[in-house]
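Here's the structure, in structure tokens; my notes come after.
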Amino acid sequence: MNTWQTSGGANARHSVVRVSLLLVVVCGSANAQTDIYNNGPFITHPSGGGGGAALSAVDTSMGNTRYGVSNQTSPANDRVADDFTLASPAVLSSAILFQFQTNAPTGTSTITSINLRVWSGRPGDPGAQVIFGDTTTNRLVSATWTGCYRAFDTSPLNTDRPIFALEVAISPPLPLPAGTYWLDWQATGTLPSGPFAMFVTIPGLAGAPDANARYKQGSASNWINVVDGGSLVRQELAFIIRGTGGGGGASCYANCDGSSGNPLLTANDFQCFLNKYASGDPQANCDASTGSPLLTANDFQCFLNRFAAGCS
């Protein structure tokens, strides 16, 4: 991943951004494999964790008490699921799933296997069918530490739970029409605790808006809602879908200012994104990267792609 740095503060950032926006608007963007759906952020503090790493904080002031949700293959046979929406036809090639195991090192991931399925509807509902994958094939391609730890906000320097980005192959690539689909998956690790799937985490909220993640404990159980054990608020899972086409995103990422007029996306959304980037807001991390610096020129390209794709 290419990164850039500048010494002129916010004004210099804005200058570079405006040039970048102009170049992309004039030249367009290639239809290459990219992140076509991002279900939401999990980094709450870009440099607030142990050793100066990023932090995903469990907000105890909101009553939350859970780090994540188990999707351990054996012996628990737990599974998790969440939905994603494609605003236009797409070809899915992989998913990035965010997971952790307690007391894992940051160098080599302790998660060794992930199986995954894609559903036509919510798992367990009448008529919902598996359209890709199974519960046995290991589709794990790569595992990379995100540079972020999961910890309670009361012990932000705790490093027991490093979060890994796990790329899982959707192979052969899966073409899908526009619509809403569901992923479900489970993971195998070498440590006794977990693996656990990461929650979408937004500062000041006990759960993501419209959260609807699901959980299945054991072979015989029904699917149930994922909730935080303390606040009892429903939760959303952090993941990214990669491929070509699509143009979806949780709550339409490109509508940065949250407007509801017609047209929905305007120049105000660009200014909103610029302001978030200049202030170092983690919400400006459009490409969900984990390097240093966290916010780079790639985030502008990502935002432009989201803007061009529109909102369904």
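Residue numbers (numbering that gives the first Met the number 0): 0 to 311.
Ideal placement from N, C-alpha and C gives every residue a C-beta, glycine not left out.
The model shown is predicted, which means the values in this text are computed figures rather than measured ones.
(message) I need the DSSP call for Phe159, collapsed to helix, strand or coil.
(response) Looking at the sequence itself, residue 159 is Asp, so the reference to Phe does not match. Coil.
(request) Throw me the rounded Cβ distance for the Gly320 and Ala237 pair, which I believe falls under 8 Å. (result) Past the boundaries of the shown model lies residue 320; the chain is included only from 0 to 311, so the question cannot be answered.
(request) Identify whether Gln71 lies in helix, strand or coil by the three-state DSSP scheme. (result) Residue state, collapsed to three classes: strand.
(request) Please report how far the alpha carbon of Asn37 lies from the alpha carbon of Cys285, in whole angstroms. (result) 8 Å
(message) I need the boundaries of the beta strand (DSSP E) containing Phe198, first residue and last residue.
(response) Taken as a continuous stretch (DSSP letters only), Phe198 belongs to no beta strand (DSSP E), as it is neither H nor E.
(request) Would you give the residue range spanned by the alpha helix (DSSP H) that Asp305 belongs to? (result) Asp is not the amino acid found at residue 305; the sequence shown has Arg there. From DSSP, the alpha helix (DSSP H) with Arg305 extends over Ala296 to Ala308.
(message) Output needed for Phe131: all residues of its chain with C-beta closer than 6 Å, excluding positions within five of it in sequence on either side, in chain order.
(response) Val117 and Leu173
(request) Identify every run of the beta strand (DSSP E) within the region 174 to 247, keeping only runs that are complete inside it and at least 3 residues long; order them along the chain. (result) Those beta strand (DSSP E) runs which fall completely within the region 174 to 247 and span 3+ residues are 178 to 188, 195 to 197, 213 to 215 and 238 to 244.
(request) Rounded to whole angstroms, what's the CA-CA distance from Asn63 to Val57? Just pull it up for me. (result) 6 Å
(request) State buried or exposed for Leu165, treating a residue as buried only when at least 16 other CB atoms are found within 10 Å of its CB. (result) buried
(request) Note down, in chain order, each residue of its chain lying with its Cβ closer than 8 Å to the Cβ of Ser112, except the 5 sequence neighbours on either side. (result) Only Thr72, Asn137, Leu139, Ala186 and Thr187 meet the Cβ criterion.
(message) Could you tell me which whole alpha helix (DSSP H) segments of length 4 or greater appear in the region 73 to 139?
(response) Within the region 73 to 139, no complete alpha helix (DSSP H) run reaches 4 residues.
(request) Work out the CA separation of Phe272 and Gly27 for me, nearest whole Å. (result) With a pLDDT of only 35 at Gly27, under the threshold of 50, the placement of this residue in the model should not be trusted; the figure read from the coordinates follows. The straight-line gap from Cα to Cα measures roughly 19 Å.
(message) Residues in the same chain with beta-carbon distance under 6 Å from Ala168, minus the five sequence neighbours each way, listed in chain order, please.
(response) Ser93, Arg138 and Val140
(request) Give the DSSP-derived three-state secondary structure of Asn267 in the structure shown. (result) helix
(request) Have a look at Asn76, Phe41 and Ser55 and flag the residue whose alpha-carbon is nearest the alpha-carbon of Ser220. (result) Asn76
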